[in-house]
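A quick write-up on the structure given underneath.
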Amino acid sequence: MALRADGIKVGESREEVVVEDLKRTRIVQYAGASGDFNPLHTDQEFAVKVAGFPGVFAHGMLTMGLTGRVLTDWVGRDRLLRYGVRFKAPVWPGDTLTTTVTVESVDGPVAEFSVRTVNQSGVEVVSGTAAARLDL
Amino acid sequence: MAATRFPVEAGHIMMFARAIGDEEDMTVAPPTFTMASAHYDPDSPLRPLPGEEWLGSGRGPGVAVEGSGGLHAEQHFEYHRPLRAGVTLTVSTRPGRSWEKAGRAGLLRFTEQITEYRDEAGELVVTARTVGVVTTQGEDA
Chain A
584 MALRADGIKV GESREEVVVE DLKRTRIVQY AGASGDFNPL HTDQEFAVKV
634 AGFPGVFAHG MLTMGLTGRV LTDWVGRDRL LRYGVRFKAP VWPGDTLTTT
684 VTVESVDGPV AEFSVRTVNQ SGVEVVSGTA AARLDL
Chain B
242 MAATRFPVEA GHIMMFARAI GDEEDMTVAP PTFTMASAHY DPDSPLRPLP
292 GEEWLGSGRG PGVAVEGSGG LHAEQHFEYH RPLRAGVTLT VSTRPGRSWE
342 KAGRAGLLRF TEQITEYRDE AGELVVTART VGVVTTQGED A
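From first to last, the protein sequence lines stand for chains A and B. Count along the first sequence starting at 1, add 583, and that's the number in my numbering. Count along the second sequence starting at 1, add 241, and that's the number in my numbering.
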């Protein structure tokens, strides 16, 4: 995928709903694919009675993965230089997540992005930054 | 405790991409795919292992394991080259910085782990930096 430096503008952004009404099965699917079978994410009985949470919650890495798709749909998987996030709040079954990716700077062949995902109440669940390589 | 060899397979990339709602491009791995190297960690505490007690529920609700109260605070990746199916990565992990911060729920202890993924030629493909956090309350539980 060609991504030219003159085809991307500072301040330009993309927003997308990355998951609607997150299902527990989706969390199980991520556990299977990633190898992270921590019962906090997939075992309601354990999460409530042993760990003291209201219920199971998504792996932070599931949210980071869902968020990253908006980035890679834009720039392509093979152009990323960096991608990093902080996990700000838990993501629960039933949540709807919206990701916004914004171009913060374009410096020669490198574009820097801010990345942010919020839940249906507007609470930020992850925030971070990324960088991608552009064609000049 | 981490995988030392991580064969990157097209089918695994497909399953991972499906799980994060991504396109089923089986050639280039999605940006967070290297986390799935947990499958190749022979001692991963995050999956049931033959002959060892699993902490999750069965007849009872499960067991709390000491030191398992940590949460994932931050995750950062640096991509040195695209990660494609067919490569076998060598994985090496080392501790990074550690620091403390006073939080609402008590003292928060942060620890960093750096993981390097290299290809067969020894070239860096991905560098991952994981920050975990444990609250002092979590340790008492």
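We treat Cβ as the ideally placed atom computed from N, Cα and C, and that holds for glycine.
{"Asked": "At a Cβ threshold of 8 Å, is B:Q316 touching chain A?", "Found": "yes"}
{"Asked": "Considering just the uninterrupted stretch of the beta strand (DSSP E) at A:L649, what are its terminal residues?", "Found": "Unbroken run through A:L649 is the alpha helix (DSSP H), 643-658; no beta strand (DSSP E)."}
{"Asked": "Measuring CA to CA, which of B:T376, B:T329, B:R359, B:T371 is closest to B:A251?", "Found": "B:T329"}
{"Asked": "Against chain A, with Cβ distances strictly below 8 Å, would B:F247 count as a contact?", "Found": "no"}
{"Asked": "Leaving aside the five residues before and after B:L296 along the sequence, list all residues of the same chain whose C-beta is less than 6 Å from its C-beta, in chain order.", "Found": "G303, V304, V306"}
{"Asked": "Is the shortest distance between the beta-carbon of B:E380 and the beta-carbons of chain A less than 8 Å?", "Found": "The pLDDT assigned to B:E380 is 45, lower than 50, so where the model puts this residue is not dependable; a value taken from the coordinates is nonetheless given after this. No, B:E380 lies away from the interface with chain A (no Cβ there is under 8 Å from its Cβ)."}
{"Asked": "Taking 8 Å as the cut-off, decide whether the C-beta atoms of B:I254 and A:L649 are in contact.", "Found": "no"}
{"Asked": "Measure from the alpha carbon of A:G635 to the alpha carbon of each residue in A:H642, A:A641, A:Q627, then state which is nearest.", "Found": "A:Q627"}
{"Asked": "Measure the alpha-carbon distance for B:H317 versus A:M644 and round it to whole angstroms.", "Found": "11 Å"}
{"Asked": "Strictly under 8 Å for the Cβ-Cβ distance: is B:S339 near chain A by that measure?", "Found": "no"}
{"Asked": "Can you find a CB in chain B that lies within less than 8 Å of the CB of A:A628?", "Found": "Correcting the residue identity first, residue 628 of chain A is Glu in this sequence and not Ala. Cβ-Cβ to chain B under 8 Å: yes for A:E628."}
{"Asked": "For B:L349, which of B:V372, B:Y320, B:F274 has the nearest alpha-carbon?", "Found": "B:V372"}
{"Asked": "Count the other CB atoms within 10 Å of the CB of B:L290; is the residue buried (16 or more) or exposed (fewer)?", "Found": "exposed"}
{"Asked": "With B:V219 and B:P323 assumed to form a contact (beta carbons below 8 Å), what rounded beta-carbon distance in angstroms separates them?", "Found": "This structure cannot speak to residue 219 of chain B, because chain B is shown only from 242 to 382."}
{"Asked": "Could you give the DSSP three-state label for B:G299: helix, strand or coil?", "Found": "coil"}
{"Asked": "Under the DSSP definition of a beta bridge, which residues are partnered with A:G667?", "Found": "A:T712, B:H317"}
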